[in-house]
Each structure stands twice: as C-alpha cells, then as structure tokens.
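Undergrad: Okay, here's the structure, questions in a sec.
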Amino acid sequence: MLKDIVSVKPLENYQLYLKFEDDQEGIIDISQFIDFTGIFAPLQDLTYFAQVKINPEWGTIYWESGADLDPDVLYATITDQPIPNYEKVSLKSEIVQ
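The numbering of the sequence shown is my numbering, which starts it at 250 and goes up by one.
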C-alpha cells in the first residue's frame, strides 16, 4: 500500500482527519488504536494530541514525544481495505571453500 499522509487535522475526542497522497481521506479515532501508556501516554492530553504533525520523510503522523503511527494501518482503516501482509525474505549465504 505505502500511501503517504499529506494532510492531518485534529478534531474532537482523539479523532483525526487524514488525507493521503492518492486523495483518499477520512476521519479516524486514534483512541481505538492505542493505549495511552508508554510513548503514547502524553497523547491523552487533548491539547498535546492536537499538536500532531506530518513527517514527510516517513509519510505518516507523529508527535514530539516520538509517538507515530503506521500509515498502512491508518490507510487500511480509512479505505476499509485489509492491512497488507509483508512476506519475509529469506537470504541464503553460501560459503565458498
């Protein structure tokens, strides 16, 4: 999938409006995805939550505390598509004798 988030707007009650690079957009309730513990604890403060930003290098949203969210999960939720499965690639190493 790998669609970058290009716009974010904080709304009430832990909701965010998100727009992706392919013009898919929607509202998502972040409290349904996270527990407000650890790195996500500061997000419980709605004033801090509203300070959400976009990191264009990562293509996702983040907060200064270091919290960020997987854009694929957000995209899949907004578009009602399954979350992609990434297959593990096995590498073989050969020993030359």
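We treat Cβ as the ideally placed atom computed from N, Cα and C, and that holds for glycine.
Leu295 lies in the alpha helix (DSSP H); which residues open and close that run?
TA: As a working note, residue 295 is residue 46 in the sequence shown. Leu295 -> alpha helix (DSSP H) spans Leu295 to Phe298.
Undergrad: With a cut-off of 8 Å on the beta carbons, I'd call Glu270 and Lys258 a contact; round off their distance for me.
TA: As a working mapping, residue 270 is identified with position 21 in the sequence shown. As a working mapping, residue 258 is identified with position 9 in the sequence shown. With a Cβ gap of about 16 Å, Glu270 and Lys258 do not count as contacting.
Undergrad: State buried or exposed for Thr309, treating a residue as buried only when at least 16 other CB atoms are found within 10 Å of its CB.
TA: Counting from one through the sequence shown, the residue named residue 309 turns up at place 60. Per the 10 Å Cβ criterion, buried.
Undergrad: If you run the structure through DSSP and keep just helix, strand and coil, what is Val338?
TA: Along the sequence shown, one-based indexing puts residue 338 at 89. Its pLDDT being 43, under 50, Val338 is placed unreliably by the model, and the measurement read from it follows with that caveat. If DSSP states are grouped into helix, strand and coil, Val338 belongs with coil.
Undergrad: Using DSSP's beta-bridge definition, name the partner residues of Lys302.
TA: Here residue 302 refers to the residue found at position 53 of the sequence shown. For Lys302, which the question treats as bridged, DSSP gives the partners Tyr311.
Undergrad: Mapping the DSSP letters down to three states, classify Phe263 as helix, strand or coil.
TA: Numbered from its first residue, the sequence shown carries residue 263 at position 14. It is Tyr, not Phe, that sits at residue 263 in the sequence shown. Here Tyr263 sits in coil by DSSP.
Undergrad: How would you label Leu295, buried or exposed, when you count the other beta carbons within 10 angstroms and need 16 or more for buried?
TA: In the sequence shown, the residue the question calls residue 295 occupies position 46. Result: exposed.
Undergrad: When DSSP labels each residue in this structure, what does Phe269 get in the three-state scheme?
TA: Position 20 of the sequence shown, counted from the first residue, corresponds to residue 269. If DSSP states are grouped into helix, strand and coil, Phe269 belongs with the strands.
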